[in-house]
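Counting the sequence shown from 1 gives a position; our numbering is that position plus 8.
Where a beta carbon is used, it is the ideal one built from N, C-alpha and C, also for glycine.
Taking it in order: structure first as structure tokens, then the write-up.
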Amino acid sequence: MSSRDLTRGPIPGHLLRLAGPMGFGIFAIMAFNLVDTWFVSKLGTQALAAMTLTFPVVMLVGSVAMGLGVGVTSVLSRAIGNGRHEEVQRLTTHTLLLGVALVVAISVVGLILAEPMLRGLGGEGEVLELAASYLRIWFAGAGVVVVPMLGMSAIRAAGDTRTPAVVMSAAGVANGVLDPLFIFGLGPIPAMGLEGAAIATVASRAVTLVVALWVLHAREGLLRFSWDDLGLIPDSWGRVLLIGGPAAFTNLTQPLTIGFLTGLAAGFGEPAVAAFGAGGRVEMFALIPAMAMAMGLAPFVGQNHGAGDHPRVAEAVSLSLRVTIAMGVLSFGVLALFRDPLAAVFTDDPAVLPLLARYLWILPLSHVLVGAFFVATNTLNAVGRPLPATVLTLLRTPILLGGGAWLGASVGGLTGFFWGSSVGLLASGALGLLAMVVLGTAARSEA
């Protein structure tokens, strides 16, 4: 196994090497989705509305897969740190089998219930038909979406965040090339419209499946099938699901809460919805460095926790907290200072501009401590403490963020809505810091 040994060497260097590619990978995933949306927008309003209608369904599956990926990284990184190579091989192999089982279930249910789900989301007429045709192709190819996500999580557990980032970037480039070919047609390739976008997505994601399997088997030597290990599959799946199950569940609260917040914003008119949506996109990119730092921390914590080096874990967590807080201060300063020109990039509507500018100095105030929340939940999951991580996420998303936004909107209108959201996120970050102290930090837990 050529995994990166994170139990030795300078901590700052390891964290930088892990976080850099992770940030690039997050950006690549976001760019992947933006490319799809841009090409589909050229098909007209109905096609764009149909694709938008599929987002909650696709996000649902992605949330489950990402949650399970958290469990994979946690379990494997600790086993790697403990030097249990055969166990690592078994867990990795069984993880991919779990992905296959999940894909079969998702594909069958999705193909049967595609139209009813879309109808429940408000789809009707031509938009419903277009969205259903997209999802039928997407669900048929779900295997090349879900299984690679688990495989890439295993690669990250081995201390390699660069390969997943490069692979996702390559998939994004492939998607950008295939989208116009299949959507609009070229030469012998017929124009397939929205169905072509689905085919391009599945085909480009297939790249990630092939590379993930090659890296895990040929380079890392982490895949080994043995009939003798079949009886251990329930144990392997149970260990991954113990961490990944709660993570998947809490991931689902994010789109639900965003839907609730969008509904609150809608109560203040279309300009408020536009400002809220554009502001969220700006924040999404501004938070990439903090998210990357926290996600890159997970394999480091897992390996060192598995090796029993708790002081090294404590030092890494402390450093990550300081860095993400500094990033948050910088993010807030930049967005607040340049809020007017940034708002002008996204809209020229005189009704939206002042609302978006207001958003861009109130909500980013929460960035100061949002990174601390990311560090706390990733650390807790990495050391096998899913319950505190789950509680923190449930407190943050539906209660502090959703509740704060509702209370603020009730008291202070749209500005109160912005302030309530910001204060709720700040409070969740403070809880993340508190959790690291009360629980003795991830490094000292189970010491």
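Environment of residue i [buried if 16+ CB atoms lie within 10 Å]
{"i": "P319", "result": "exposed"}
{"i": "L395", "result": "exposed"}
{"i": "D44", "result": "buried"}
{"i": "L42", "result": "exposed"}
{"i": "T169", "result": "buried"}
{"i": "T498", "result": "Nothing can be reported for residue 498, as the shown portion of the chain is limited to 9 through 455."}
{"i": "G130", "result": "exposed"}
{"i": "W427", "result": "buried"}
{"i": "W46", "result": "exposed"}
{"i": "T245", "result": "A quick correction: the sequence has Trp, not Thr, at residue 245. When all chains shown are included, W245 counts as buried."}
{"i": "M125", "result": "buried"}
{"i": "L186", "result": "buried"}
{"i": "A274", "result": "exposed"}
{"i": "A451", "result": "Annotation note: pLDDT 43 at A451 (below 50); position unreliable, coordinate value reported separately. Flag for A451 reads buried."}
{"i": "E134", "result": "exposed"}
{"i": "V69", "result": "buried"}
{"i": "S49", "result": "exposed"}
{"i": "E454", "result": "Residue placement at E454 cannot be trusted, given a pLDDT of 49 that sits under 50; the coordinates are not used to answer."}
{"i": "R330", "result": "exposed"}
{"i": "T449", "result": "Because the pLDDT at T449 is just 47, under 50, the model does not fix this residue reliably, and the value given afterwards should be weighed accordingly. By the neighbour-count rule (16 or more Cβ atoms within 10 Å), T449 is buried."}
{"i": "M292", "result": "exposed"}
{"i": "D13", "result": "exposed"}
{"i": "V391", "result": "buried"}
{"i": "R98", "result": "buried"}
{"i": "A165", "result": "buried"}
{"i": "G195", "result": "exposed"}
C-beta atoms of residue i and residue j nearer than 8 Å
{"i": "L231", "j": "L224", "result": "yes"}
{"i": "M67", "j": "P254", "result": "no"}
{"i": "L408", "j": "A435", "result": "yes"}
{"i": "F147", "j": "A122", "result": "yes"}
{"i": "S212", "j": "A173", "result": "no"}
{"i": "L371", "j": "S418", "result": "no"}
{"i": "V290", "j": "L76", "result": "no"}
{"i": "A73", "j": "L143", "result": "no"}
{"i": "P156", "j": "T216", "result": "yes"}
{"i": "L269", "j": "G410", "result": "yes"}
{"i": "V383", "j": "V325", "result": "yes"}
{"i": "S339", "j": "L433", "result": "no"}
{"i": "L350", "j": "P20", "result": "no"}
{"i": "G79", "j": "G184", "result": "no"}
{"i": "I191", "j": "A182", "result": "no"}
{"i": "L305", "j": "T171", "result": "no"}
{"i": "L400", "j": "T385", "result": "yes"}
{"i": "T261", "j": "T405", "result": "yes"}
{"i": "A140", "j": "L272", "result": "no"}
{"i": "V154", "j": "I114", "result": "yes"}
{"i": "A380", "j": "T332", "result": "yes"}
Beta bridge counterpart(s) of residue i as assigned by DSSP
{"i": "I163", "result": "For I163, which the question treats as bridged, DSSP gives no partner whatsoever."}
{"i": "I197", "result": "L194"}
N- and C-terminal bounds of the alpha helix (DSSP H) containing residue i
{"i": "P307", "result": "296-314"}
{"i": "G229", "result": "Careful: G229 lies outside any alpha helix (DSSP H) and carries neither H nor E."}
{"i": "D243", "result": "241-274"}
{"i": "V445", "result": "410-446"}
{"i": "F346", "result": "Note, F346: premise wrong, no alpha helix (DSSP H); not H, not E."}
{"i": "D44", "result": "19-49"}
{"i": "N386", "result": "375-390"}
{"i": "V360", "result": "Here V360 belongs to no alpha helix (DSSP H), and DSSP marks it neither H nor E."}
{"i": "I407", "result": "Premise fails: I407 is in no alpha helix (DSSP H) and is neither H nor E."}
{"i": "P124", "result": "93-128"}
{"i": "A397", "result": "394-402"}
{"i": "R12", "result": "Taken as a continuous stretch (DSSP letters only), R12 belongs to no alpha helix (DSSP H), as it is neither H nor E."}
{"i": "L371", "result": "Counting along the chain, L371 falls outside any alpha helix (DSSP H), and DSSP gives it neither H nor E."}
{"i": "A58", "result": "53-89"}
{"i": "A139", "result": "133-148"}
8 Å Cβ cutoff, residue i in contact with chain D
{"i": "S82", "result": "Reference to chain D is not applicable here, since this structure consists of a single protein chain."}
Should the segment 285-305 be regarded as contacting the segment 25-36, the criterion being three or more beta carbon pairs within less than 8 Å?
Using a C-beta cut-off of 8 Å, the segment 285-305 makes contact with the segment 25-36, since at least three inter-stretch Cβ pairs fall below that distance.
Can we say the segment 140-156 touches the segment 102-116, given the rule of at least three CB pairs closer than 8 Å?
yes
Three or more C-beta pairs closer than 8 Å, one from the segment 356-367 and one from the segment 282-289: is that the case here?
yes
Taking one C-beta from the segment 310-328 and one from the segment 77-89 each time, how about it: are there three or more such pairs within less than 8 Å?
A contact exists between the segment 310-328 and the segment 77-89.
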